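Residue numbers (the working numbering): 1014 to 1283. Structure first, then comments.
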Amino acid sequence: MIDKPPILLSHAPAPKAGSIAMVCLLWLVLCALPASVPASEALPADPPPAGDSPALVGAKPLPTDRPVTSADLEPIDPNSPKPFEDMEQDDAPKLILDLQQAILLASQQNLDQIREMEDIFLAEVNLQTVRRSYLPIPTAEVSAGMNEEDDQAGGAQPSVSGQTGVSQRLPLGGTASVNVGTSYDRSTRVRDITDESELRRFIEETGSEQSTTTDSYRPEATASLRQPLLRGAGRLVERESLTQAERELVYALRAYALFQQDLTIQTATT
């Protein structure tokens, strides 16, 4: 028979009443304390020293005993990338115009209106050109040259001609023109006469046995009339180019007036 070891029983001492009271008092004190606050609010920030600018760190200190002047401010560096970056657009100067000044400024600076004015100018130039073709057109021509023939002596001889005239378009599509001119030629011919009687006569007339020089003047006058009978004849066909040029000018003036009205309305309602 195996003997079992004896079981030892120990009794813990009962807690004292004073310890329980201390624990309860400590719990009441902790409950009575306020909630924790951030360190930035719990500890007040130190006020900045006098003369320092609280807005810019490292900026030039501003005086506190007198008003700040422009000499106390640091100049803006013009080489900085954006010296006026923080400037508000509302600070820019504004120009106040009345309605008449606004319309005048808009008409002077509008590119579409300048284009309309150019169209009027081109239409006027075209009309003047067409009208000029219906007026009498004077003409003049002068030519000069040197002529040389096999039977001439002394080389090439001068030749000069000139003429002047006037032409006019007719109401029915025709054209009338008148030209007047003259020409001058000089020729020197070698004597090639073998008969003695003819040679004697040649010497008596020219006074030379070898050659003779002749100056000739030939006046000229011409008049011409050209009138189409079928195609291109008639007053309506003849005046069509002039009528078309006049219409283009009227259309350009109307377009310019309409554009001015639209621009005035847009400027007044904007």
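For every residue, glycine included, the Cβ atom is placed at its ideal position computed from N, Cα and C. Nothing here was measured: the structure is a model prediction, and the numbers come from that model.
Identity of the residues DSSP links to R1012 by a beta bridge: Residue 1012 is absent from the structure shown; the chain starts at 1014 and stops at 1283.
At least 3 beta-carbon pairs within less than 8 Å: the region 1268-1280 vs the region 1123-1130: These segments touch.
E1259 and L1135 closer than 8 Å at C-beta: No, Cβ-Cβ distance for E1259 and L1135 is not below 8 Å.
Close-in-space but distant-in-sequence residues of the same chain around Y1197 (CB under 6 Å, 5 per side omitted): Sequence-distant partners of Y1197 (beyond 5 residues in either direction) whose C-beta falls short of 6 Å from its own C-beta, in its chain, are V1173 and Y1230.
Inter-residue spacing [alpha-carbon to alpha-carbon] between Q1170 and L1255: If you take the alpha carbons of Q1170 and L1255, they lie about 49 Å apart.
Anticipated Cβ contact below 8 Å, P1151 with V1193, distance rounded: Going by Cβ atoms, the distance from P1151 to V1193 rounds to 12 Å, so no, they are not a contact pair.
Beta carbon of L1262 nearer than 8 Å to that of E1131: In this structure, L1262 sits away from E1131, with a CB-CB distance that is not shorter than 8 Å.
Host beta strand (DSSP E) of Q1122 (start-end): For Q1122, there is no enclosing beta strand (DSSP E); the residue is part of the alpha helix (DSSP H) that begins and ends at L1112 to Q1122.
Helix, strand or coil at L1238 [DSSP, three-state]: It is a strand residue.
Close beta carbons around T1277, own chain, < 7 Å, minus the five adjacent residues each side: Around T1277: I1116.
Supposed contact pair R1145 and P1184 - C-beta distance, whole angstroms, cut 8 Å: About 17 Å separates the two Cβ atoms, so there is no contact after all.
Range of the contiguous alpha helix (DSSP H) that encloses R1244: According to the DSSP assignment, R1244 belongs to no alpha helix (DSSP H), since it is labelled neither H nor E.
Reference R1182, options K1107, L1108, R1252 and L1039, closest by Cα: Cα-wise, what sits closest to R1182 is R1252.
Per-residue burial, Q1274 [other beta carbons within 10 Å of its own, 16 or more giving buried]: Q1274 should be labelled exposed.
Continuous beta strand (DSSP E) stretch holding G1175: start and end: Secondary structure note for G1175: its beta strand (DSSP E) is the uninterrupted segment Q1170 to R1182.
As assigned by DSSP and simplified to three states, the class of L1022: Low local confidence applies: a pLDDT of 43 at L1022 is under 50, so the model's placement there is unreliable, with the coordinate-based value given in what follows. Correct three-state label for L1022: coil.
Per DSSP, cross-strand counterpart(s) of S1200: Bridge partners of S1200: T1227.
For Q1257 and E1233, the rounded distance between their alpha carbons: Looking at the two C-alpha atoms, the distance is approximately 40 Å.
Which residues DSSP lists as bridging A1157, in chain order: Answer is V1173.
Within-8 Å CB hit, T1152 to chain D: Absent from the structure is chain D; it holds one protein chain and no more.
I1150 (DSSP reduced to helix, strand or coil): In the structure shown, I1150 falls within a strand segment according to DSSP collapsed to helix, strand and coil.
Nearest-angstrom Cβ-Cβ length linking L1118 and L1110, presumed shorter than 8 Å: Distance from L1118 to L1110 at the Cβ level is roughly 7 Å; contact confirmed, criterion being Cβ atoms closer than 8 Å.
Proximity of T1188 and R1239 at Cβ, strictly below 8 Å: With a cutoff of 8 Å on beta-carbon distance, T1188 and R1239 are scored as near each other.
Beta-carbon proximity list for Q1176, same chain, < 6 Å, skipping 5 on both sides: E1154, N1192 and G1194.
Selection from R1199, S1190, Q1121 and S1120 that minimises the alpha carbon distance to G1158: Looking only at R1199, S1190, Q1121 and S1120, the smallest Cα-Cα distance to G1158 is reached by R1199.
Rounded C-alpha distance that separates A1281 from Q1114: Distance between the alpha carbons of A1281 and Q1114 is about 11 Å.
Buried or exposed by the 16-neighbour rule on C-beta atoms within 10 Å, applied to L1038: Exposed.
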